[in-house]
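In the working numbering, the protein residues as written are -12 to 262.
Inspection log for the structure reproduced underneath, given as structure tokens.
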DNA sequence: CTTTGCACCTGTTGGC
DNA sequence: TGCCAACAGGTGCAAA
């Protein structure tokens, strides 16, 4: 999936076109996502007006205000999901699984080749939903700071990269940006999280924020399957410092970038700059 | 409790 | 050129 910058870019692309619009119809062509798309989703959506689009971690929360309560369409893009808005939807292509048609035939289309994504309907308070409630700090919130990381990692021997990708601690840091942020902070991904000083964790907090912010500013990474919600391919101009650069010279010191595996995911780092 | 590894699924890539 | 194994943005869950 898109990582957090792509999700945020999608939110910003999709929301302005749809907020305030009423759902005319919803079509689910394939319910087999990570969890089945609920059978009653079409009927639940019909006639409802979109009040706003929020993001929590990599979940998009489409808010539908009602007379009694606000209900939420919860969407996660998984690894390969994408959302696009069409003024007039073209013919459906393979892997286009859901269409939500608003006033004026404006269509929100969900596509996801690998179907690792999620589309659920939550009645009432979404914050208490089992997928949302356990989530850790938002990287741009004040809750995410060195003290919190320090407390959350004491006595833990997990590698800092895996801790960074642990959603119960901090959300929204996927494989690419975990690699990039650790490079910016000069921290070796294999370092035991519980042994890092508060100062180094503070540097990591800054690095995570700046890495994500740069990517959001650039409109999200260029991903094979990602298409910006407006239809333009995401153009992440800021090249990766380490991700995918095994054997290539470090942009800072020229040392060859190393690749290892941690938790079945690829890790890249500079053996000289990252200690 | 923490940590590890698997599972879900399809498409692309790289090596032989 | 063709085939096939390995790998790819995520993350819940079971097992150790």
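Ideal Cβ positions, reconstructed from N, Cα and C, are used throughout, including at glycine.
Note that the structure is predicted; figures quoted are calculated from it, not measured.
Helix, strand or coil for residue 137? Go by DSSP, reduced to three states.
Numbered from its first residue, the first chain carries residue 137 at position 150. If DSSP states are grouped into helix, strand and coil, residue 137 belongs with the helices.
If I follow the unbroken alpha helix (DSSP H) through residue 164, where does it start and stop?
In the first chain, the residue the question calls residue 164 occupies position 177. From DSSP, the alpha helix (DSSP H) with residue 164 extends over 162 to 172.
Start and end of the alpha helix (DSSP H) containing residue 198?
Working through the first chain from its first residue, we reach residue 198 at position 211. 185 to 204 is the span of the alpha helix (DSSP H), which, as asked, contains residue 198.
DSSP three-state call for residue 39: helix, strand or coil?
Along the first chain, read from residue 1 onward, the residue named residue 39 stands at position 52. Strand.
In three-state terms, what does DSSP make of residue 1?
Translated into the one-based positions of the first chain, residue 1 becomes position 14. Three-state DSSP puts residue 1 in a helix.
Where the alpha helix (DSSP H) containing residue 155 begins and where it ends
The residue given as residue 155 occupies position 168 in the first chain. It is not in any alpha helix (DSSP H) - residue 155 carries neither H nor E in the DSSP assignment.
Measuring alpha carbon to alpha carbon, tell me which residue in 176, 47, 71 is nearest residue 118.
The residue labelled residue 118 in the question sits at position 131 within the first chain. Looking at the Cα atoms, 47 is the closest of the given residues.
In chain order, what residues of the same chain lie with their CB nearer than 6 Å to the CB of residue 240, ignoring the 5 residues before and after it?
Translated into positions along the first chain, residue 240 becomes position 253. So the list reads 259, 260, once near-sequence residues are dropped.
Assuming residue 32 is part of the alpha helix (DSSP H), what are its boundary residues?
As a first step, residue 32 must be located in the first chain, where it is residue number 45. 28 to 32 is the extent of the alpha helix (DSSP H) around residue 32.
Are residue 146 and residue 188 close, meaning C-beta to C-beta below 8 Å?
Working through the first chain from its first residue, we reach residue 146 at position 159. Working through the first chain from its first residue, we reach residue 188 at position 201. No; because the gap between Cβ atoms is not below 8 Å, this pair is not in contact.
Supposed contact pair residue 7 and residue 55 - C-beta distance, whole angstroms, cut 8 Å:
Position 68 of the first chain, counted from the first residue, corresponds to residue 55. Position 20 of the first chain, counted from the first residue, corresponds to residue 7. Actually they do not touch by this definition, with Cβ atoms about 20 Å apart.
When burial is assigned at 16 or more other CB atoms within 10 Å of the CB, is residue 159 buried or exposed?
As a first step, residue 159 is located in the first chain; it is residue number 172 there, counting from the start. Classification for residue 159: buried.
Counterpart residues of residue 121 in DSSP-defined beta bridges
In the first chain, the residue the question calls residue 121 occupies position 134. Residue 121 is not bridged to any residue.
Sorted by chain position, which residues of the same chain lie with C-beta nearer than 6 Å to residue 32's C-beta, five sequence neighbours on each side aside?
Numbered from 1 along the first chain, position 45 holds the residue referred to as residue 32. So the list reads 10, 13, once near-sequence residues are dropped.
Please state the DSSP three-state secondary structure of residue 220.
The residue you call residue 220 lines up with position 233 of the first chain. Note on residue 220: pLDDT 45, under 50, position unreliable in the model; no value is reported.
Would you kindly report the start and end of the unbroken beta strand (DSSP E) that includes residue 24?
Position 37 of the first chain holds residue 24. Careful: residue 24 lies outside any beta strand (DSSP E) and carries neither H nor E.
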